[in-house]
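Numbering (the UniProt record's numbering), first residue to last: 1 to 295.
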């Protein structure tokens, strides 16, 4: 299994772990060690637990968890069912959780941990978040839906990795070789993001819409366009050897040309897109004949 830590603002991969087990929670301490005190981590559903909460607080970071319905904790279950939108509780692990943590060798003392519960209504679905951001004035209830929605950036990373670069098509037959391929894969993505960011900062910005949807010049720019990242990956990957081996003076001239090439292909922004989640995994002969694929 591979677990990653992704910077949602800079769109850069900070850390990843390739491990022989399937427990994502066990990778969290390694990821937290790469962060600074006060950093905010947005976790997906399935990560929330007393142990993870304790590790986040001990490391001096902050966290936002999206909670799953059907929890066994009485205080969290009561918050799901009542009309309150914001509450601060002392989270205490259940006896079953304590027993499981003791079996795995965790002896944290199991003291109550203060945590804030936030409830948001998005269309017809209720979302409940647990967070260590206790300032109810500074962090209003409404901001958490947008904050968690920003986590969609890592879904875009999955698309880039699987569809554009095909990270799962390994050539090596050894663990060391596979790790080298993954390092190279993430290095290429991070380099392309740096090129994209620098190119975007060089572009002029105005409110004039652009009629063209494909190739545009430097002067034809607007807030409705963004750089095509697939093309950016292609430019950086094609000239990666120049970036590493080219002498300094020649490299400066080449970088300017590369920025122009990256900026040449842009696409319209398409905000607010949403689609039902559907698996595109190929059916096998073990699937029931005529059965609908699972979402």
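For every residue, glycine included, the Cβ atom is placed at its ideal position computed from N, Cα and C.
For residue 98, same chain residues with a beta-carbon under 8 Å away, outside a window of 5 residues either side, are 110 in chain order. Nearest in C-alpha terms to residue 180, of all of 77, 17, 66, 7, is 17. Ranked by Cα distance from residue 147, the options 1, 2, 8 are led by 8. With a cutoff of 8 Å on beta-carbon distance, residue 192 and residue 233 are scored as near each other. Unbroken alpha helix (DSSP H) runs of no fewer than 4 residues, entirely contained in the region 133 to 165, are found at 142 to 149, 152 to 159, following chain order. Pairing residue 190 with residue 198, the inter-Cα distance amounts to about 12 Å. Counting other Cβ atoms within 10 Å of its Cβ, residue 6 reaches 16 or more and is therefore classed as buried.
By the neighbour-count definition (other C-beta atoms within 10 Å, threshold 16), residue 52 is a buried residue. Residue 118 is bridged by DSSP to 86, 129.
The beta carbons of residue 40 and residue 64 sit closer together than 8 Å. If you compare the alpha carbons of 162, 137, 86, 230 with that of residue 266, the shortest gap goes to 230. Your pair residue 195 and residue 262 checks out as a contact, with CB atoms roughly 5 Å apart and the cut at 8 Å.
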